[in-house]
Structures are given as structure tokens and as C-alpha cells.
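Chemist: Have a look at this one before I ask anything.
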Amino acid sequence: MTTAAVRPGPAPGRGVTTPHGPLAGTGRLLRLALRTDRWTTAVWAVAVAGLTHASVVALAELYRAPEQQAARAELIAAPAATALAGPGHGLDDYTLGAMTANELGLWVMVPVAIMGVLAVSRHLRAPEEDGRLEILRSQPVGRAAPVVAGLLAAATGVLVVGAVLLAALLTTDLDPGGSVLLVASVVAVALVLASATAVVAQLTTHARTSDALGMALLGLAFLLRAVGDVRGPRSTSVWTWASPFGWSQATAPYTLDRWWPLLASVAAVVVDVLVAAVLVRRRDLGTGLLPERPGPARGRVAGLVGLAWRSRRTAVLSWGTGVVVTGALIGVLAAAVVDFVDGDADLAAILGEPDDAVAAVLALYVVVLAVAAAAYVATAVGAARADETSGRAAGLLVLPVPRVRWLGAHVGLAAVAATAMMLLAGLLMGAGAAVTLHDAGQVGRLAGAAAVTVPGVLVVLGVATALLGLLPRATGAVWAYVAYVGTVGLFGELLPDGADALSPFTHLPALPAAPMDWPPVLAVTAVAVLLVAAGLAGVRRRDVDG
Amino acid sequence: MTDAIAVRGLVKTFGRTRALDGLDLHVRTGEVHGFLGPNGAGKSTTIRVLLGLLRADAGEARLLGGDPWGDAVALHRRVAHVPADVTLWPQLTGGETIDLLGRLRGGVDPRRRDALVERFELDPRVRARAYSTGNRKKVALVAALAADVDLLLLDEPTSGLDPLMGAVFQEVVREAAADGRTVLLSSHVLAEVEALADRVTIIRRGRAVSTGTLEDLRGLTRTTVVAGVADVAGARRALTALEGVHHLAADDAHVTLAVDAPALGAVLAALAAHGVRSVVAHPPTLEDVFLRQYGDELAGLGVGDR
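For the protein sequence lines, the chains are A and B, in the order given. Per the numbering used here, the first sequence starts with residue 1, numbered consecutively. Per the numbering used here, the second sequence starts with residue 547, numbered consecutively.
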């Protein structure tokens, strides 16, 4: 049933020649894909460009004097900070440009790359999975056309975001030439990961698996550059050069301004596209290269929670692994922070005792992990919404199953999984820190710090659930909140006063740097419970879509 | 005996679209009730209201004597549903899905389940993402028909099935009816409804336009008669004079006409008076009944009057 208003479509074009060859129809498919994508692309472009612009303006405002810039450079050169920033080009003269490229660059590259990866799976796998591609293929459309059109559509999306970002950067005080290089680097890493996703997408029949494989590649690339940048500053480590993020950060916009590292990106894109093209020719429509195996004829899936677990197992395990492994790595890096602060009298003066400096850095990282867990809970509620729009939820709700139990299974699993991944990450972070700092007390301290962020994660879960219950079509808007919470968590000090008030992590005590404070923890927990309750109440009252 | 489904003046709007516009529907306990209408007429919306997935804006709906919205969970123990479009959990096999749905219902007779899996020739070890449309439909059919319920709400249950499986389906529905279950059968396969349904409701733009037994509905539609007569010209004159005779045509030895049910007696008398040698009469099919209800739309599409 369509409820959208029907508008007359465009009339068939005149002078249509009969297309032939493997690329026949690419142009029309591309137009269709771009049309479907236009709003998604616009939202990404505005969000990425807007947040980047605001951050650059804030950095310029906060770090005007050379001494301030030098102090910032000292801070960011700490290994734990480097892991989440960049290779540290231009630290000796830490201008606004060097700061932007070194600290913001990565956090512009990551979302644009995510957008590229998701766009490729959306265009390459989803239409084939749900049969749309079969309709298209039966038209005069060449074998390679859907793949080429999908890749071009993803690339166009990335380029549009890049163009809007460049326009935003050109309005700042930054050197225009450096801005062009920075945007080119952002676009390059997104295209490399998008084209790599096109290769792994051929292995599987399913868009969701293809999403997961693409995101895993992105995570791996991030991890390689983090290890590389910590081991060898200024892009000198082999690890850095194994990662497309490493190539894009090695361009060092505003300082060295070199274009040649992007040759590696271009080469990688060419190779990926050729490999994907070969794989596409080798497989049949609707199949992956990995075979389908028969499963059990009898079911052991027990109830709604069992079903939620079966559907979400892969997501829980991959997000969980990401969060826990990152936590453990940060714990191990804690000793490096101590050495670093110890060796620098000026920095010690700024940060106080090394113990406090470690605590401050670890407190920041705990919030970073919590934001990752918050992103996971957003995907969990998104999956519940997808169950609804696809009609699967209706398949359950026509059974003697109360709606609250259906949504409760999803929300409950998400809450338990997020709590477990935070606690485990905190424990391993603590264990790493305990070993490298020879201080067994870190285990309890960091596990506690991670535990205290859980109510904040649950607030994000509550926001998502409330949206699903009360404004179901806006369920995806929770990602805007996750982006906000993430930005506040990473760059809160840069933002204007009060801009961070809506993030739960602003109100929670920043353990282990700050002492435990129960009232805010309980208050944030209460907000989370109220939001979840509002969502569950909403879903009982409204129509079920799908 | 009360009606299994009693719907009066049901209204449901989506934005500016009025999907149900004062719908009436009465399904008696124990009958197989055909539910007909073109795409977008409101059949699925009606079934979704009856299942408590949608809340009606106005009007009254009772399902097995209960309120489909307020008593949804209790009612669903006694109702099974096959949706028009079946979406399943991609990572579960067909067998796992059937068992999961059965377990959420509180248990299903395993023998009944196995018998249905066999009759519908479903391979239960295939993961849902690899099933064709027809096989996904079979999963939903087995899950619904294996349940021990009083009422089956079947929304285009055979779309996507091959004709052999369509025949199996008819057999299974007859058995369900023989067990005393009530069936609401929404379908575009009119021959199937004709074969199974005791009564039929035809809806259009969210309203019921006719309802009754097939006999009742046939009475509203013309019978086609082809008769061989000795005096073609005389028969033709006599028939032209009759009320309720349409599309009269003649060749050397035959007259062909369509006749409204009340005029049938007069037509037969006229034919007898002019030396009838053979008569072939086609009673209206459900398709004729259905198409007659949509005559003006067919005219709009450039398709001739029936």
C-alpha cells in the first residue's frame, strides 16, 4: 500500500538508441541511484561539513597564541592521543592547519568512509538481494552496468560530501591549497574503502553481511594506522603505510602539502575495481562466491530473546570485539602516557602529576568507548525498526505476543550487550594498565569508570527506543544524537559553553579523573529508564508499520 | 451462533488516503468466506485491523467476540494469519522459523507440522534468505495451518505458489473447514474462492459493494445463452421485446444473448416457442460477478462490458 502522493514521472526520453554491451544502461541506473541517494547524501554533506567547520572555528578561537599551540602539540603527541588523532605532522609549529589535519582530519575521514562503504553495499548488494536487480537486468542493461553504476553512485556521494566540505573549509582562515589536499585525502580514503567493499560484497549474497565486511575492513584500516602512528610518528611506520587512512594522513596538508601518498590510494581503487569486476563476471545473479549451506530442519530458537540474539549475534560480537579490543589497547598504552608526562617538565606543570594525567586521558577514552557502545545500541534499535518495516515484526505480533515483549527483547538484549561490552572493555583496559603501570588498583578503577558510563549508553538506547515508539519514521534520527554525543565526547572542550548539556556523559562523573558521585549517575539512569518506558508505551499505542 | 468476524462501518485513513471507508464484513462461524477486491481496495488493511496491528479510526470490529485491538494477545491464541508478502528472518531456516512461531504460540502438534511440510514439499533446511517467494509462502502456510486455532485469516495465500501447491492448499483448507474452523480467504484467484467459499464479500475503495452466497451473487449477474433455433428471425423478434435481454446476436441457426436472472424463464419460453434445438447456458462465474462490480473501471480501462 502506497500512501505517498503519486506524481507523474518523467516522460520516456526521446531519441533512445538501443543500448548494447556490458555497460549498456549504466547512465540510467546511475541517475536512478543518485535520485534515491539525494537526501542521504545531503544529510551527510551538511553534517560532515558543518561539524568540521564548527570545530575549525573553535580550534582557531582556543589556540591563538604560539604557547597555547605548543602545549596542544605536547598533549596530542602523547601515544594515547596519537592513536585517536594522526601521525603528528607539524607538531613543532602547531598552527591551525597542522591542528586541523592532525586532529580533525581522521574524524572527517572516518564518517565519509563509512558513508562510502554503506553506499556501496546499498547499491551493489541490497537490490540484488530483494530482487530489484532482476527487474533491472531484464531490461536492456549490461552485465557490468549495475556494479559500475553502484560504484559511481557511491563515488558521487563521496565527492559531493567532499565538495561541500571544501566549500566550508574555504570560508575559514585555513590555507586554500592545504584545504584542497585535505579534502582530496578524505575523498581518497573513502573511495579506497568503498571499492574494497565492492570486492568483499561479491563474497556474500546479503547486504547486511556486505555492510559488516566493509565496516570490518574500515576498522582494520583504522587499527593499523593507530598502531603505526604510535610506533612511528610522522608516517614512518610500515603499519601506517598498510592502511588507506595512513596514506591519506601522510599527505600532511597545511604543513608538508604532499600529494604523492595519494598515488597509493588511486592504485588501490583501480585494483579493487578490477578485482570486483572479475568476481562479478564469475558469479550468478543472486548468489555470493561463498556457498549457502543447509541448516537445521528443526528449530531450537527459544522465544523472542533467542530470536533477537540469533538475528543480532554477529552485530553484538563484532561491536563487542571492537570495543573490548580498543579498551585493552588503551590500557596497554597507559604506561606510554606516564613516560611521556614524566619526561616533560612543562607538560607535567600543565597536567599535574603523571597519575592525574593518566587518569584524565583514560577518562576521555572511557567515554570514547561508551560512544562506540552507544552506536551499537543505535544499530540494535534500528534493527527492531527494520523488523517492523519489513513485516517480520507483524509476523510475531499476530501471535499471542504482546508488543512490549517484542520490542523489549530487542532493547533488553541491546542493554545487556552494551553493559557487558563496557564492563569487559573496562576490565581489560584496567588489566592492561595494571600490567604496564605495575598498579593492580587500575583494574577496579577502570572497570568502575567503564561501569559509570553505562547509564549514558542507556540514555542513547532510551532516545532510540522513544523515537521508535513515538516517532517511528524518525528512528534513524538517533544517529544525529550519537554523532552529537560523540562530538561532545571527543571535542567537548572546543565547543561553546552549554553546547554539551544534552549529552549524558557531560553529567556523569569522569572516572577515574573525578571522584564517584552517585546523584548524577542515578539521575541519568532514571532518564534512560523513562525514555525506554516512553518508547515501550508508544509502541503499544500506535499502528504497526510494514 | 455468533459471527466469527463482525465489522461495521470501519474507517481507517493513512494521511489523506481513506483505505477503509465504512466497511461492513460479516463472517459466520464455521464458514469459508471469500474476500475479494482489486489491489488497494483495503483487503489487507481490514485484515491488519482485525489482527490488532492497526487501530481503526471509526466503526466497530469484533473478532471471535473480542476487541481486536484491546484483546489482541488473547485473541491471537485462537487466530492464525498468512500475510500477502511473507518476510522471514534471513538467517533462520524454514524449519527453525516454523518451530519458533509455533513455540511463541505455545506449542504446535509436531505430527501436523511434519505432515504439512511434506504435503507442501517444503525443504525445511534452507535458510530463509535463499527461499523463493513461493517457498517463503509455504513456510507461512505451514506455520499458520499447523496451529490449532478457530479462525484462519489468509491474505492471498496462494500467490507465488505453483498450481499443484494451489491444489494442495485447497485440500488443506477444506479439511480445516471440515474441522469446524472459520476461514477468511482474501484472494485474486477467483476460481479458488469459487471452489472453497461458502459466502463472498466484494469490496471496492474501502467499502463492501456486495456480499452473499455465490448463488445470491450469481443472481445479480447475467447468464450467457447460446441456443440453436429453427426460426431464428422469430426468436430474435420475441427476445428483443423482452426486458433483461442484452447483447442479442444471431447467425443462420443460433441466437446468442446475455440475460438477467429474473428474465431467464421468459427467455426459455421464447426459445421454446421458436423451435429450440439446443441450448448451452453459461451461469456467471465469480469472475463475471467480480468484473460486473468493477464495470465502470473496466470501461475506463477500455475493456468491454460483460
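All C-beta atoms, glycine included, are put in the ideal place defined by N, C-alpha and C.
Name the chain B residues whose beta carbon is nearer than 8 Å to that of A/Arg310?
Modeler: Result: Trp635, Gln637, Leu638.
Chemist: Where does B/Asp570 fall in DSSP's three states?
Modeler: Three-state result, B/Asp570: strand.
Chemist: A/Leu508 and A/Thr453 - do their beta-carbons sit closer together than 8 Å?
Modeler: Closer than 8 Å, so yes.
Chemist: Any idea what DSSP makes of B/Ser857, helix, strand or coil?
Modeler: Given that chain B is displayed from residue 547 to residue 852, the structure contains no residue 857 of chain B and the question cannot be resolved.
Chemist: Work out the CA separation of A/Ser138 and B/Val714 for me, nearest whole Å.
Modeler: The alpha-carbon atoms of B/Val714 and A/Ser138 are separated by roughly 32 Å.
Chemist: Helix, strand or coil: how does DSSP classify B/Ser756 here?
Modeler: B/Ser756 falls in the strand class under three-state DSSP.
Chemist: Return the CA-CA distance between B/Ala550 and B/Thr759, expressed in angstroms with no decimal places.
Modeler: Answer to the nearest angstrom: the Cα atoms are 17 Å apart.
Chemist: Reducing DSSP to helix, strand and coil, say where B/Leu832 ends up.
Modeler: Helix.
Chemist: Between which two residues does the alpha helix (DSSP H) harbouring B/Val654 extend?
Modeler: Here B/Val654 belongs to no alpha helix (DSSP H), and DSSP marks it neither H nor E.
Chemist: Report the rounded CA-to-CA distance for A/Ala49 versus A/Ala328, giving the unit in angstroms.
Modeler: Whole-angstrom Cα-Cα distance: 33 Å.
Chemist: Applying the criterion that 16 or more other CB atoms from any shown protein chain within 10 Å of the CB defines a buried residue, is B/Gly616 buried or exposed?
Modeler: Burial call: exposed.
Chemist: Under a CB-based cut-off of 8 Å, is B/Pro670 close to chain A?
Modeler: Yes - at least one Cβ of chain A is within 8 Å of the one on B/Pro670.
Chemist: Using a cut-off of 9 Å between C-beta atoms, extract the partners of B/Arg601 located in chain A.
Modeler: Those are Arg541, Arg542, Asp543, listed as they occur along chain A.
Chemist: To which residues of the same chain is A/Val56 closer than 6 Å at the C-beta, ignoring the five residues directly before and after it?
Modeler: Here the set comprises Thr100, Thr172.
Chemist: Is B/His793 helix, strand or coil when you go by DSSP?
Modeler: Correct three-state label for B/His793: strand.
Chemist: List, in order along the chain, the chain B residues whose C-beta lies closer than 8 Å to that of A/Pro400?
Modeler: What A/Pro400 touches in chain B: Val619, Ala620, His622, Arg623, Leu650, Arg651, Gly652.
Chemist: Identify the contact partners of A/Arg298 in chain B, using a Cβ-Cβ distance below 7 Å as the criterion.
Modeler: Neighbours of A/Arg298 on chain B, chain order: Gly641, Asp645.
Chemist: Can you tell me which of A/Val183, A/Thr326, A/Ala393, A/Gly303 puts its alpha carbon nearest to the alpha carbon of A/Trp259?
Modeler: Selected option, being the one with the closest Cα: A/Val183.
Chemist: Do the CB positions of A/Ala383 and A/Val544 come within less than 8 Å of each other?
Modeler: No; because the gap between Cβ atoms is not below 8 Å, this pair is not in contact.
Chemist: Within the 8 Å Cβ cut-off, does A/Ala394 reach chain B?
Modeler: Taking Cβ atoms only, chain B reaches closer than 8 Å to A/Ala394, which makes this a yes.
Chemist: Starting from A/Ala302, find everything on chain B with Cβ-Cβ shorter than 9 Å and list it in chain order.
Modeler: Leu646, Arg649, listed in chain order.
Chemist: Please report the distance separating the alpha-carbon of B/Arg651 from that of B/Leu698.
Modeler: The straight-line gap from Cα to Cα measures roughly 14 Å.
Chemist: Can B/Ser678 and B/Ala630 be called in contact, C-beta distance under 8 Å?
Modeler: Contact flag unset, no.
Chemist: Return yes when the Cβ of A/Val323 is within less than 8 Å of the Cβ of A/Leu369, no when it is not.
Modeler: Cβ atoms of A/Leu369 and A/Val323: closer than 8 Å.
Chemist: Taking the alpha carbon of A/Ser390 as the point to measure from, which residue in B/Thr802, B/Lys589, B/Trp635, B/Ala692 has its own alpha carbon closest?
Modeler: Closest option to A/Ser390, Cα to Cα, is B/Trp635.
Chemist: Once DSSP output is grouped into helix, strand and coil, what is the label at A/His410?
Modeler: The answer is helix: DSSP assigns A/His410 an H, G or I state.
Chemist: Verify the CB distance criterion: does A/Ser390 have a CB-CB separation below 8 Å to chain B?
Modeler: At least one chain B Cβ lies under 8 Å of A/Ser390.
Chemist: Are the C-beta atoms of A/Val6 and some chain B residue less than 8 Å apart?
Modeler: Its pLDDT being 47, under 50, A/Val6 is placed unreliably by the model, and the measurement read from it follows with that caveat. No, A/Val6 lies away from the interface with chain B (no Cβ there is under 8 Å from its Cβ).
Chemist: Which residue marks the beginning of the alpha helix (DSSP H) containing A/Asp37, and which one marks its end?
Modeler: A/Asp37 -> alpha helix (DSSP H) spans 26 to 62.
Chemist: In chain order, what residues of the same chain lie with their CB nearer than 7 Å to the CB of A/Ala373, ignoring the 5 residues before and after it?
Modeler: Around A/Ala373: Val323, Ala418, Met421, Met422, Val457.
Chemist: On the three-pair Cβ rule with 8 Å, is the stretch 440 to 449 of chain A touching the stretch 481 to 490 of chain A?
Modeler: With a cut-off of 8 Å, the stretch 481 to 490 of chain A and the stretch 440 to 449 of chain A do not count as touching, because too few Cβ pairs lie within range.
Chemist: State yes or no: is the beta carbon of B/Pro629 nearer than 8 Å to at least one beta carbon in chain A?
Modeler: Output row for B/Pro629: interface = yes.
Chemist: Counting only beta-carbon atoms, is B/Arg673 nearer than 8 Å to chain A?
Modeler: By this cut-off, B/Arg673 is an interface position.
Chemist: Of all Cβ atoms in chain A, is any one closer than 8 Å to the Cβ of B/Leu687?
Modeler: Judged by the 8 Å Cβ criterion, B/Leu687 is not in contact with chain A.
Chemist: Below 8 Å between beta carbons: does that hold for B/Lys589 and B/Asp701?
Modeler: Their beta carbons are under 8 Å apart, which means B/Lys589 touches B/Asp701 by this criterion.
Chemist: Should B/His792 go down as buried or exposed, given a rule of 16 or more other Cβ atoms within 10 Å for buried?
Modeler: With fewer than 16 Cβ atoms within 10 Å of its Cβ, B/His792 is classed as exposed.
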